[in-house]
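Student: Heads up: the first sequence begins at 0 in numbering that gives the first Met the number 0, then just goes up one per residue.
Encoded as structure tokens, here's the structure I'll be asking about.
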Amino acid sequence: MNCLNDKSLTTEEIAESLLGSLLVSYKDGQLTSGWIVETEAYLGKVDEACHTFAGKQTPRLMSMYQDAGTIYVYRMHTHHLFNVVTRSSSEPQAVLIRAIEPHDGEDIQNIRRGKKGIEMTNGPGKLAKALGITMDDNGTGVYEPAVMIDPKRKKKPVMVEKTARIGIPNKGKWTDELLRFSVKGNPYVSRKKGKTEIDYGWEAVLN
DNA sequence: CCATAGATCCCCT
DNA sequence: GGGGATCTATGGT
């Protein structure tokens, strides 16, 4: 059991509980992964900022109407944005993964991105490039090997920060709703200015 | 450091 | 033909 097949959880709760999960990519024989440190919830038909607002249905949005755990990849300009569908066909909602802390294959991610350190994965387009995510992943499942979220490997944030979503102007109350979740103090959170914690904001692991 | 412009694909109307 | 859940380079302070 995990947050993506627990039907009692709302999309906001899933977005928050995905923090600390390991996002894994296996492509071209290369394993890369990172701990999720920032997410956003998109609430479907009622949410003016969501692509499926008012039940909008186009070929592009097919994945949004699939089962929970389906991957919805959207391309904007030259970048790919990686989402996980959270509900069902009648409630086309999703969580956008906005940033990860690199774990496996940091050198591979570095090569794919052409940047080092924090700049490698501190944004949705950046992490997609670092993990080699493309439109080929659109419509696949989040438990298939190419790109998966490993439910067994999990870190726990000391504190979760809730803020307004990034890049959502002029959408009434949806511009200000606290639907963005991030690990407080983690340096890989996008558009960060404040200081980072020495432990990157994770709880200590007891062995 | 901050703000801003331009890139550059599709998709959708 | 317009525009976007972004990113980068650039130019100023």
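Backbone N, C-alpha and C fix where the C-beta goes; we use that ideal spot for every residue, glycine too.
What is the DSSP secondary structure of Gln-108, reduced to helix, strand or coil?
Tutor: For the purposes of this step, residue 108 is taken as residue 109 along the first sequence, with counting starting at 1. DSSP, reduced to helix, strand and coil, places Gln-108 within a helical segment of the structure shown.
Student: Hey, how far is the Cα of Val-182 from the Cα of Ile-197?
Tutor: Numbered from its first residue, the first sequence carries residue 182 at position 183. Numbered from its first residue, the first sequence carries residue 197 at position 198. Roughly 13 Å between the two C-alpha positions.
Student: In the DSSP assignment, what residue or residues form a beta bridge with Gln-65?
Tutor: In the first sequence, counting from the first residue as 1, residue 65 sits at position 66. DSSP lists no partner for Gln-65.
Student: Taking three-plus beta-carbon pairs below 8 Å as touching, is the region 170–186 in contact with the region 34–51?
Tutor: The region 170–186 is in contact with the region 34–51.
Student: Kindly indicate which three-state DSSP category Thr-133 falls into: helix, strand or coil?
Tutor: Against the first sequence, residue 133 aligns to sequence position 134. Of the three classes helix, strand and coil, the one that applies to Thr-133 here is coil, per DSSP.
Student: Between which residues of its own chain and Asp-136 is the CB-CB distance below 7 Å, once the five residues before and five after are set aside?
Tutor: Within the first sequence, numbered from 1, the residue matching residue 136 stands at position 137. Contacts found: Ile-70, Val-72, Ala-145, Val-146.
Student: Identify the residues that DSSP records as bridge partners of Met-119: which are they?
Tutor: As a position in the first sequence, residue 119 is number 120, starting the count at 1. Answer is none; Met-119 lacks a bridge partner.
Student: His-79: buried (16+ other C-beta within 10 angstroms of its C-beta) or exposed?
Tutor: As a first step, residue 79 must be located in the first sequence, where it is residue number 80. When all chains shown are included, His-79 counts as buried.
Student: Use the C-beta contact count for Glu-100: other C-beta atoms within 10 angstroms, 16 or more gives buried, fewer gives exposed.
Tutor: For the purposes of this step, residue 100 is taken as residue 101 along the first sequence, with counting starting at 1. Label assigned to Glu-100: buried.
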